[in-house]
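Right, one structure below, let's go through it.
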Amino acid sequence: LTLLMLPDGLEQISFVHDWQRGELRIVRRRSVLNASEDVDLSDVYGDLKLADGEALKLQIFVDHSVIEVFANSGRVCATTRIYPTLNKGFELGWQGSPDVMLRFAQVWQMDAI
Numbered sequence: 019l020t021l022l023m024l025p026d027g028l029e030q031i032s033f034v035h036d037w038q039r040g041e042l043r044i045v046r047r048r049s050v051l052n053a054s055e056d057v058d059l060s061d062v063y064g065d066l067k068l069a070d071g072e073a074l075k076l077q078i079f080v081d082h083s084v085i086e087v088f089a090n091s092g093r094v095c096a097t098t099r100i101y102p103t104l105n106k107g108f109e110l111g112w113q114g115s116p117d118v119m120l121r122f123a124q125v126w127q128m129d130a131i
């Protein structure tokens, strides 16, 4: 699953589940176009082994530069930062093998605090 930062989609953050390794990874290396050397854009990951037939369920919260991810009712949780250049909103992208399908996606806009 990929969040493409608008207006052009060149900046993005991806959420990848490697079922063979049992790992959920947040890929941030393309989350900013002009990163300075002191910005850490390494992947964030956690162990998430799914049982045969178990679906991956993600809840993703984005608040400006903070992203929080809760996987499968909190079995894996992660909070990280991104630094988009032009934060004009997001668009969802989906890419997977023919054996994997996106069954359901729901998006809400959060009010500012």
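When you read off a place in the sequence shown, starting at 1, and then add 18, the result is the number in this note's numbering. All residues carry an ideal CB built from backbone N, CA and C; glycine is no exception.
Do valine 50 and leucine 42 have their CB atoms nearer than 9 Å?
Here valine 50 is not near leucine 42, since their CB atoms are 9 Å or more apart.
Within 10 Å of its beta-carbon, does methionine 128 have 16 or more other beta-carbons around it, so buried, or fewer, so exposed?
When all chains shown are included, methionine 128 counts as exposed.
How many angstroms separate the CA atom of alanine 89 from the CA atom of aspartate 58?
Near 23 Å, if we compare the C-alpha coordinates of aspartate 58 and alanine 89.
Counterpart residues of methionine 23 in DSSP-defined beta bridges:
Answer is Phe108, bridged to methionine 23.
Would arginine 46 pass as a contact of leucine 28 if the rule is Cβ separation under 9 Å?
No.
Threshold first: 3 residues or longer. Then list the beta strand (DSSP E) segments lying entirely within the region 27–88, N to C.
Entirely contained in the region 27–88, the beta strand (DSSP E) runs reaching 3 residues are, in chain order, 30–36, 41–45, 62–65 and 76–81.
Within a Cβ cutoff of 8 Å, which residues of the same chain sit near aspartate 26, ignoring the five residues on either side of it in sequence?
Once the five neighbours on either side are set aside, the close Cβ partners of aspartate 26 are Leu104.
What does the alpha-carbon distance come out to for the pair arginine 39 and isoleucine 100?
Cα to Cα, the separation comes out at about 25 Å.
If you run the structure through DSSP and keep just helix, strand and coil, what is threonine 98?
DSSP, reduced to helix, strand and coil, places threonine 98 within a strand of the structure shown.
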